[in-house]
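Enquirer: Numbering (this note's numbering), first residue to last: 428 to 517. Even glycine gets a Cβ: it sits at the ideal position worked out from N, Cα and C.
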């Protein structure tokens, strides 16, 4: 179940990056909205590990949160670059 949810999160970030590229907003607004879309799910995993480092598996929670954050940003960038490459061909 966790792998399915992770895959859905990453696919959603890929699609969001694709759609954000097509919107006629300034670059700053696009970056702020990309960060607002990527951050919530990794922070749900990362914050408990940071707040209570003495608990078991706190290091694992921190690692998973950072990995989700990095992969979400990469998927968001991948969607934006795919949309940019597609618009360049037309």
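#1: By Cβ distance below 7 Å, which residues in the same chain neighbour residue 443 in space, the five residues on each side in sequence not counted?
#2: Could you check which residue in 484, 497 and 455 has the C-alpha nearest to that of residue 466?
#3: Which term fits residue 487, buried or exposed, when burial requires 16 or more other beta carbons within 10 angstroms of its beta carbon?
#4: Quick check on residue 476: buried or exposed, where buried means 16 or more other Cβ atoms within 10 Å of its Cβ?
#5: From this set, 449, 458, 430 and 431, which residue's C-alpha is nearest residue 500's C-alpha?
Expert: According to the structure data:
#1: 464, 503 and 506
#2: Checked all of 484, 497 and 455; the closest Cα to residue 466 is 497.
#3: exposed
#4: buried
#5: 458
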